[in-house]
Amino acid sequence: MNKFTILFLTLFLSLPMAMKAASAKEKKDDTRYLAGAVPEVEGKVVFSKEFQIPGMSQAQIYDTMTKWMDERLKENQNIDSRIVFSDEAKGTIAGIGEEWIVFKSSALSLDRTLMNYQITVTCKPGNCLVELEKLRFTYRETEKYKAEEWITDKYALNKTKTKLIRGLAKWRRKTVDFADDLFMDVAVAFGAPDTRPKTEKKKKEEQKPSIITAAGPIVISGADKKTDVKVTTGEPAQTTVPAATLTPATPAGKASADMPGYIEIDLKQIPSEVYALMGSGKLVISIGKDEFNMTNMTANAGSALGYHYQLGKAVAYCTLSPDQAYDAIEKADSYTLKLYAPNQTTPSAVIECKKIPSQTTPQAGQPRTYVGEIVKLLMKK
């Protein structure tokens, strides 16, 4: 057998293994990009996120969003990205954006598309709605696509809605990621912690010279559908975390003298697992010190952690639905939040709160949001 035959056989036998390895590498978990990931309103693609920011006036929210949008749209130093309309009295701001979405970049090739979009913000007292729509793509300078005919469930998913269509997968993934990132920017602009992976935060810092900004509503205090996050005067926009990963790893801290098996966490370094639990775990509000004579309830309408910009303190937000009894928490000066990971019977985290008096009078038939200054955070070892 000559050396050329040996070389051929070596390449031939190794090719299937290389192809299998490449296929495994390309296989991704696309669960978050499947049915419903690209929302439609009357046949139009519209990504939207509602942020509840208790205690902030319409004027404060409008000023915050005007500054954020102006700086966000200027990031690419593109004159076509700018605020095109604003009405302070109505609390409305609208802008248009144009920026590159990169699919793949290497020393030898660059695969990307230019995306145009419209962003609209509607501000109200304690509330902010952000909408991203009219998405258009320009690929290789001459190929032009509308989001409605390119990344919707109808075109980008198979018939059973269980897989992404191969040719359109990258467009759908990157567009959903873009919307999530934009909404996180908004949350951070309101004071929420930036929970994106460090690599993503570093990338944002490199791209923006001036600010670092951030799926019911974000309660910065709210809840929305599927991947929606919750925020409240600075909610933590939360990255979607699979239920299986919600059991928190043991963070650094000192052992608790009051609760054996728990450690006390530095409030300046609240672990991301706690934010994940607030969004996806079970939360019980306990009022009273006597365990045999205390009131327990859940925050049926949402909960979140955040940062109170006036107090300079970490806070927790709990929203009760209109049909819940609220007398006990109305009268309480303090209470405890117990966070349970899925399928757990003991809390993974315990948050002691001092209630902050509300600046507004709750309206009948409306959810009631309670804000508590976090005085102690304990996590299970």
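Read in order, the letters of the sequence shown are residues -24 to -1, 1 to 357 in mature numbering (1 follows the signal peptide of the UniProt record, and there is no 0). Each residue gets a CB set at the ideal place from its N, CA and C atoms; glycine is no exception.
Between residue i and residue j, which are expected to be in contact by the criterion C-beta below 8 Å, what is the C-beta distance as a whole number of angstroms?
| i | j | result |
| --- | --- | --- |
| S324 | L259 | Wrong, their Cβ atoms sit about 11 Å apart, outside the cutoff. |
| S24 | L105 | 7 Å |
| L287 | I327 | No, L287 and I327 are not in contact; Cβ-Cβ is about 16 Å, not under 8 Å. |
| V152 | V351 | About 38 Å; that fails the 8 Å criterion. |
| V291 | E349 | 6 Å |
| S310 | K331 | 6 Å |
Take residue i as the anchor and find which of the options has the nearest alpha-carbon.
| i | options | result |
| --- | --- | --- |
| L49 | R58, K43 and M41 | R58 |
| L296 | A290, E306, P318 and G288 | E306 |
| A70 | V78, W76, D39 and F61 | F61 |
| L108 | F159, T114 and E64 | F159 |
| Y293 | Y302, S248, D299 and A277 | A277 |
| W126 | E267, V97, D156 and M91 | M91 |
| M355 | I246, D299 and G348 | I246 |
| G19 | E124, M45 and I327 | E124 |
| R116 | Q94, T89 and I141 | T89 |
| A65 | V14, K230, G282 and Q36 | Q36 |
| I263 | D303, Y316 and P343 | D303 |
| N272 | E26, L315 and R149 | L315 |
| Q28 | P343, K357 and E349 | P343 |
| D63 | K43, T98, N54 and F79 | T98 |
| A340 | P298, Y311, I332 and A317 | P298 |
| S248 | D46, A308, D309 and A280 | A280 |
| G143 | S85, F79, L313 and F268 | F79 |
| Q320 | A301, G257 and S334 | G257 |
| Y93 | A301, F113 and L313 | F113 |
| P333 | P30, K150 and L313 | P30 |
| G136 | C329, Q300, A308 and L10 | Gly is not the amino acid found at residue 136; the sequence shown has Thr there. Selected option, being the one with the closest Cα: L10. |
| K230 | E16, K357, D6 and R172 | K357 |
| L243 | C329, R172 and P173 | C329 |
Can you give me the C-alpha to C-alpha distance between residue i and residue j, rounded to a whole angstrom?
| i | j | result |
| --- | --- | --- |
| T138 | K100 | 39 Å |
| G167 | D129 | 34 Å |
| V21 | A233 | 53 Å |
| R8 | E119 | 27 Å |
| K178 | D170 | In this predicted model, K178 has a pLDDT of only 46, less than 50, meaning its place in the structure is not dependable enough to derive any value. |
| W147 | A83 | 22 Å |
| T345 | Y38 | 21 Å |
| A145 | L133 | 8 Å |
| M235 | K265 | 13 Å |
| G282 | V250 | 11 Å |
| M270 | I261 | 10 Å |
| F322 | T274 | Inspection of the sequence shows that residue 322 is occupied by Thr rather than by Phe. So the alpha carbons of these two residues sit roughly 15 Å apart. |
| Y131 | D156 | 21 Å |
| T221 | I55 | Its pLDDT being 32, under 50, T221 is placed unreliably in this model, and the value from its coordinates should be taken loosely. Between T221 and I55, the C-alpha separation is close to 43 Å. |
| Y238 | A317 | 15 Å |
| T226 | S81 | Confidence in T226 is poor, its pLDDT being 44 and thus under 50, which makes the residue's placement too unreliable to answer from. |
| G73 | E267 | 55 Å |
| E87 | K150 | Here the sequence assigns Asp to residue 87, which means Glu is not the residue at that position. Whole-angstrom Cα-Cα distance: 12 Å. |
| M45 | L313 | 35 Å |
| E47 | A301 | 44 Å |
| H284 | S85 | 46 Å |
| V17 | F154 | 19 Å |
| T189 | A308 | Interpretation of T189 is limited by its pLDDT of 30, a score under 50 that renders its predicted location unreliable; the figure taken from the coordinates is listed afterwards. The alpha-carbon atoms of T189 and A308 are separated by roughly 35 Å. |
| G12 | R172 | 22 Å |
| E26 | I77 | 25 Å |
| A219 | D5 | Only weak support is given to the placement of A219: the predicted model assigns it a pLDDT of 31, under 50, and the question is left unresolved by the model. |
For residue i, which of helix, strand or coil comes out of DSSP?
| i | result |
| --- | --- |
| T18 | For the record, residue 18 in the displayed sequence is Glu; it is not Thr. Three-state DSSP puts E18 in coil, outside helix and strand. |
| S248 | helix |
| residue 392 | Here the chain comprises residues numbered -24 to 357, so residue 392 is not present and cannot be evaluated. |
| F113 | strand |
| I305 | helix |
| L353 | strand |
| R344 | strand |
| W147 | helix |
| Q28 | strand |
| T271 | strand |
| Q94 | strand |
| residue 370 | Only positions -24 to 357 of the chain appear in the structure, and residue 370 is not among them; the question remains open. |
| E47 | helix |
| D56 | coil |
| A231 | strand |
| D242 | coil |
| I332 | strand |
| D157 | helix |
| A292 | strand |
Heavy atom of the ligand GDP less than 8 Å from the Cβ of residue i, yes or no?
| i | result |
| --- | --- |
| Y316 | Here there are no bound small molecules, and the ligand GDP is not part of this structure. |
Look at the Cβ atom of residue i, then the Cβ atom of residue j, and state whether they are nearer than 9 Å.
| i | j | result |
| --- | --- | --- |
| N52 | E75 | yes |
| T68 | T96 | yes |
| K43 | A165 | yes |
| K122 | L111 | yes |
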